[in-house]
Ligand SMILES: Nc1ncnc2c1ncn2[C@@H]1O[C@H](COP(=O)(O)OP(=O)(O)O)[C@@H](O)[C@H]1O
Ligand SMILES: [Mg+2]
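As structure tokens, then:
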């Protein structure tokens with residue numbers, strides 16, 4: 050391992066570490082149950098500023114719950130989650146700020162159907178960030194331009210393709226100037242021909258230094274854009290390694306089995 054690489058697993062609590070690695074998202078001893086199901090088991094995960102971490106694993110392994118825990122859409126039972134050195138706020142204004150700072154993009158887009166594309170991107174800027182409408186709209190238009198949708202601003206979500214809607218959702222998350230973005234299977238609901246237009250936007254964000262956690266089955270994206278691949282099974286992180294190491298020589302039987310299933314077809 051070269052000295053330029055971030056330390057694996059738990060790093061220093063705050064401040065820049067070796068090689069300029071600064072932790073942005075830290076999960077320490079995180080546990081959660083749904084009833085008898087131990088869905089997050091002793092999760093230790095540190096994500097540095099500017100890192101792109103792809104999370105893969107079988108259905109039901111806890112990938113969505115992990116993302117939702119970081120955004121506090123799911124409360125945890127034990128352990129600590131820090132964003133930029135700060136513990137997650139429990140409620141109120143702090144929680145709204147957290148959700149703005151750690152944006153989330155879901156499989157199902159979650160756009161407001163009765164608002165235009167522009168309004169969708171501007172709304173939280175006005176409500177949460179307190180921006181004036183003109184300022185918010187100007188920023189929204191610039192972001193829509195960035196995701197290739199400048200000419201769609203006045204349409205309603207239903208008038209767009211799935212790939213276009215997902216790019217609006219990404220623009221909406223970016224409008225909050227987030228410190229990090231979480232993507233939970235952002236292309237799983239899309240027709241095949243639309244997957245790349247969304248992955249291209251995500252690749253560009255990764256290249257520009259956005260800190261990202263991406264749950265995806267798109268192994269090409271993982272290979273080309275991820276700094277690390279985290280493989281989950283049964284609520285645990287089983288492997289956490291560089292993509293080429295993970296794909297070329299997975300260490301665990303679980304990962305080998307999973308890869309043989311998804312790479313065969
Ligand atoms: N709100 C919930 N209540 C009860 N069980 C849940 C809930 N959300 C998820 N689960 C269960 O927790 C496990 C992990 O779910 P999830 O994090 O969605 O996995 P993944 O995203 O890896 O498919 C699954 O067995 C799922 O059925
Ligand atoms: Mg999921």
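Residue numbers (this note's numbering): 50 to 314. In this text, a Cβ means the ideal position worked out from N, Cα and C, and glycines have one as well. What you are looking at is a predicted structure, and each value in this text was computed from that prediction instead of being measured.
Item, Value
"Residue 127 - DSSP class collapsed to helix/strand/coil", "strand"
"Residue 71 versus residue 100 - alpha carbon distance", "10 Å"
"Beta carbon shell of ligand 1 at less than 5 Å from a heavy atom", "83, 88, 108, 109, 110, 111, 112, 113 and 114"
"Coil, strand or helix - residue 136 by DSSP", "strand"
"CB contact flag (residue 185, residue 168, <7 Å)", "no"
"C-beta atoms of residue 281 and residue 112 nearer than 7 Å", "yes"
"Endpoints, the alpha helix (DSSP H) within which residue 144 is located", "141–150"
"Opposing strand residues paired with residue 206 [DSSP bridges]", "Answer is none; residue 206 lacks a bridge partner."
"Start-end ranges of the beta strand (DSSP E) lying completely within the segment 151–181, minimum 3 residues", "151–154"
"Beta-carbon gap between residue 198 and residue 223 smaller than 7 Å", "no"
"Residue 259, DSSP secondary structure in three states", "coil"
"Residue 80 vs residue 128 beta-carbon contact at 7 Å", "yes"
"Beta carbon of residue 95 nearer than 7 Å to that of residue 75", "yes"
"Burial state of residue 304, where buried means 16 or more other Cβ atoms lie within 10 Å", "buried"
"Neighbour-count burial assignment, residue 110, 16 or more Cβ in a 10 Å radius", "buried"
"Distance between residue 166 and residue 63 (C-alpha atoms, nearest Å)", "Here residue 63 scores only 47 on pLDDT, less than 50, and its place in the model should not be relied on; the value that follows carries that caveat. Going by the C-alpha atoms only, they are around 38 Å apart."
"Where residue 196 sits in the DSSP three-state scheme", "coil"
"Alpha-carbon spacing of residue 160 relative to residue 271, whole angstroms", "26 Å"
"Helix, strand or coil at residue 60 according to DSSP, with G and I counted as helix", "For residue 60, the pLDDT reaches just 39, beneath the cut-off of 50, and the residue's location in the model is therefore unreliable, leaving the point undetermined."
"Cβ pair count under 8 Å reaching 3, the segment 214–233 against the segment 142–158", "yes"
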